[in-house]
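Peer 1:
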Amino acid sequence: MKKSSMFFVLMAGSLWGFMGLFVRKLNESGLDSMNIVALRAMVTFLLMGAFIAIYDRKLFVIKLKDIWCFIGTGVLSIVFFNFCYFKAITLTTLPVAAVLLYTAPAIVTVISSVLFKERINKSKVVALILTFVGCVMVTGVVDTKIMINGKGLVFGLGAGLGYALYSIFSRFAIIKGYHSFTIAFYTFTFATIATLPFSDYNSIGKVVFENVNNFVFSIVFGMISTVIPYILYNLGMKGLDNSKASIIASIEPVMASAIGIIVYDENVTIAQVVGISLVVFSIVMCNLKVQETKENTIL
Numbered sequence: 159m160k161k162s163s164m165f166f167v168l169m170a171g172s173l174w175g176f177m178g179l180f181v182r183k184l185n186e187s188g189l190d191s192m193n194i195v196a197l198r199a200m201v202t203f204l205l206m207g208a209f210i211a212i213y214d215r216k217l218f219v220i221k222l223k224d225i226w227c228f229i230g231t232g233v234l235s236i237v238f239f240n241f242c243y244f245k246a247i248t249l250t251t252l253p254v255a256a257v258l259l260y261t262a263p264a265i266v267t268v269i270s271s272v273l274f275k276e277r278i279n280k281s282k283v284v285a286l287i288l289t290f291v292g293c294v295m296v297t298g299v300v301d302t303k304i305m306i307n308g309k310g311l312v313f314g315l316g317a318g319l320g321y322a323l324y325s326i327f328s329r330f331a332i333i334k335g336y337h338s339f340t341i342a343f344y345t346f347t348f349a350t351i352a353t354l355p356f357s358d359y360n361s362i363g364k365v366v367f368e369n370v371n372n373f374v375f376s377i378v379f380g381m382i383s384t385v386i387p388y389i390l391y392n393l394g395m396k397g398l399d400n401s402k403a404s405i406i407a408s409i410e411p412v413m414a415s416a417i418g419i420i421v422y423d424e425n426v427t428i429a430q431v432v433g434i435s436l437v438v439f440s441i442v443m444c445n446l447k448v449q450e451t452k453e454n455t456i457l
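Throughout, my numbering is defined as the position within the sequence shown, counted from one, plus 158.
1. Identify which residue in C444, R198, N445 and Q430 has its Cα closest to the Cα of L293.
2. Looking only at C-alpha atoms, which of I428, I420, K334 and V432 sits nearest to K221?
3. Can you tell me the Cα-Cα spacing of L234 and I332, whole angstroms?
4. To the nearest angstrom, how far is it from the Cα of V272 to the Cα of N279?
5. For A256, which of V195, A199, G230 and G175 has the nearest alpha-carbon?
6. Report the three-state DSSP secondary structure of N371 (helix, strand or coil).
7. Are the Cβ atoms of G320 and T261 separated by less than 9 angstroms?
8. In angstroms with no decimal places, state the Cα-to-Cα distance between A352 and V291.
9. How big is the Cα-Cα spacing for L217 and F339?
10. Which residue marks the beginning of the alpha helix (DSSP H) containing N360, and which one marks its end?
11. So, are the CB atoms of G184 and L204 less than 9 angstroms apart?
12. Give the DSSP-derived three-state secondary structure of Q307 in the structure shown.
13. Suppose contacts are defined by Cβ-Cβ distances below 9 angstroms. Is A322 in contact with L286 by that definition?
14. In the structure shown, what three-state DSSP assignment does N240 receive?
15. Report the rounded CA-to-CA distance for R182 versus F209, giving the unit in angstroms.
16. Buried or exposed: which applies to K160, given that a residue is buried once 16 or more other Cβ atoms fall within 10 Å of its Cβ?
17. A407 and G171 - do their beta-carbons sit closer together than 9 angstroms?
18. So V167 and G394 are in contact, right, with Cβ under 8 angstroms, and what is the actual spacing, rounded?
19. Give the secondary structure of N463 by DSSP, where H, G and I count as helix, E and B as strand, and everything else as coil.
20. What residue range does the alpha helix (DSSP H) around A414 cover?
21. Tell me the rounded alpha-carbon separation between N371 and V365.
22. Output the distance between the C-alpha atoms of S361 and T347, rounded to the nearest integer angstrom.
23. Within 10 angstroms of the Cβ of E410, are there 16 or more other Cβ atoms? Answer buried if so, exposed if not.
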């Protein structure tokens with residue numbers, strides 16, 4: 159495993175952790191969750207399109223027979239994941255929805271073992287368990303009243319599946335030789351199209367173009383929360399298998415919690431400290447060079 163690949167994925171997960179900063183501000187400006195998803199997709203589509211037009215227009219070229227890869231990353235992953243996640247939040251609680259979302263690394267591991275023949279060894283299983291337990295503790299679910307029902311569980315697991323599908327479909331695109339810029343551009347091209355029926359673009363436009371500050375904020379939102387991390391994640395996946403990349407990207411809730419503590423003066427609990435330690439330790443495990451033999455391979 160290349161150290162640079164781990165660094166790219168770690169940076170991607172860390173940048174995704176900044177999402178809450180932008181979402182809170184946009185909520186205060188009057189945008190609901192689905193409109194924020196649409197704004198994020200549209201800004202990324204425009205920024206990536208402008209960048210590729212200047213950098214190398216050849217990166218716009220894809221084969222029609224490969225379009226399913228980008229429908230997968232854009233619609234089945236980005237849009238489906240966000241829809242299920244926001245629905246789960248309304249049916250359960252934010253901590254419970256977040257915990258269900260972080261079933262994604264386990265889902266990625268199982269699917270990748272079938273589709274890409276990635277081996278599941280003991281160290282990977284331990285890392286998965288530590289990651290999930292760590293995320294449970296970081297999200298604060300152990301300190302809150304658990305509220306869950308059948309529909310909430312289904313949508314929460316649906317969010318985890320959608321989140322996991324990005325790694326799966328982007329892996330197919332990488333195998334087919336597509337550049338990380340191309341993958342990011344077409345992912346959010348299809349995500350933008352898919353959000354059109356569910357979004358109020360008049361409201362989005364009023365917020366974005368209300369003043370220069372809002373316009374710049376929207377651009378920075380797209381860059382920090384989407385453009386840069388998705389490019390980095392795709393680059394990192396070239397040197398990592400899907401399961402390890404998904405585990406390392408779980409630094410996201412750790413970063414989100416750290417930002418909440420530093421920026422919003424949120425209280426830190428012992429459970430969160432333990433959770434952060436577990437997630438960090440699981441990431442370190444993924445970076446250890448463990449010789450995989452038939453004896454320690456489970457699948």
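All C-beta atoms, glycine included, are put in the ideal place defined by N, C-alpha and C.
Peer 2: Taking the coordinates as given:
1. Per the sequence shown, residue 293 should be read as Cys rather than Leu. When only C-alpha atoms are compared, the closest one is Q430.
2. K334
3. 17 angstroms
4. 14 angstroms
5. G175
6. helix
7. With respect to T261, G320 sits apart: the two C-beta atoms are not nearer than 9 angstroms.
8. 34 angstroms
9. 7 angstroms
10. First-last of the alpha helix (DSSP H) with N360: Y359 to V366.
11. Looking at the sequence provided, one finds Leu at residue 184 rather than Gly. Their beta carbons are not under 9 angstroms apart, which means L184 does not touch L204 by this criterion.
12. It should be pointed out that residue 307 corresponds to Asn in this sequence rather than to Gln. Of the three classes helix, strand and coil, the one that applies to N307 here is coil, per DSSP.
13. no
14. helix
15. 28 angstroms
16. K160 should be labelled exposed.
17. Yes. Within cutoff.
18. Going by Cβ atoms, the distance from V167 to G394 rounds to 4 angstroms, so yes, they are a contact pair.
19. Residue 463 lies beyond the range of the chain shown here (159 to 457); nothing can be said about it.
20. I409 to V421
21. In a straight line, the C-alpha of N371 is about 10 angstroms away from that of V365.
22. 20 angstroms
23. buried
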